[in-house]
Amino acid sequence: MKLTYRGVTYEYNPCPQDMTEGKILGRYRGRDWSLRYPRHMSVPQPIAQLQYRGVPYRTTATGGIQAVNTQTPALGNVKQPTLSEVAKVHHAHLIQRLQRRLEVAKAQGDAQLVSLLEEESRQLA
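According to the working numbering, the sequence shown is numbered sequentially starting from 3.
Have a look at this one:
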């Protein structure tokens, strides 16, 4: 086939291989545009992580569907803290914060705040 591009004439010989059309990728100037693949090559399929009604799965390059392992590894026995342990930790944090507030009040020389914090300390003890 003789073609001309910008005044240059050349001979175009299409590939003698048996080609197959891929899916339509778009339109250009009103015509469908798609890729051509040699017939012996398979058309690559997109690989995607998908989820249907909460069940995850993935597509493969050959167009198949592969299940995704959704099992989580088993954890060892985790000991939940008891209410008394939580209360002890909370009480220790209250005392620690009170001591810090008392130090700051003494550093600022606020005698009224120091007396209030010492009273609060006696109530916590």
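Heads up, the beta-carbon is just placed ideally off N, CA and C, and yes, glycines get one too. It should be emphasised that the depicted structure is a prediction, and the values quoted were computed from it without experimental measurement.
Residue range of the unbroken beta strand (DSSP E) whose run includes I26: Bounds of the beta strand (DSSP E) holding I26 are 21 to 30.
Separation of L77 from V57, as counted between CA atoms: If you draw a straight line from the Cα of V57 to the Cα of L77, it comes to about 22 Å.
Identified DSSP bridge partners for L98: A quick correction: the sequence has Gln, not Leu, at residue 98. Within the DSSP bridge table, the entry for Q98 names no partner.
Helix, strand or coil at L55 [DSSP, three-state]: For the record, residue 55 in the displayed sequence is Arg; it is not Leu. The answer is coil: DSSP assigns R55 none of H, G, I, E or B.
For V106, the three-state DSSP class (helix, strand or coil): The answer is helix: DSSP assigns V106 an H, G or I state.
Cβ pair G36, I26 closer than 7 Å: Note on residue identity: the sequence assigns Ser, not Gly, to residue 36. Yes, these two residues count as a Cβ contact at 7 Å.
Same chain, Cβ closer than 7 Å to K108, five either side skipped, listed in chain order: Within the same chain, K108 has close Cβ partners V116.
Residue(s) in a DSSP beta bridge with P18: Per DSSP, none; premise fails for P18.
Residue nearest to M3 in terms of C-alpha spacing, selected from G9, Y14, V10: When each option's Cα is compared against that of M3, the closest is Y14.
Beta-carbon gap between I97 and L118 smaller than 7 Å: Cβ atoms of I97 and L118: not closer than 7 Å.
Host alpha helix (DSSP H) of L77 (start-end): Here L77 belongs to no alpha helix (DSSP H), and DSSP marks it neither H nor E.
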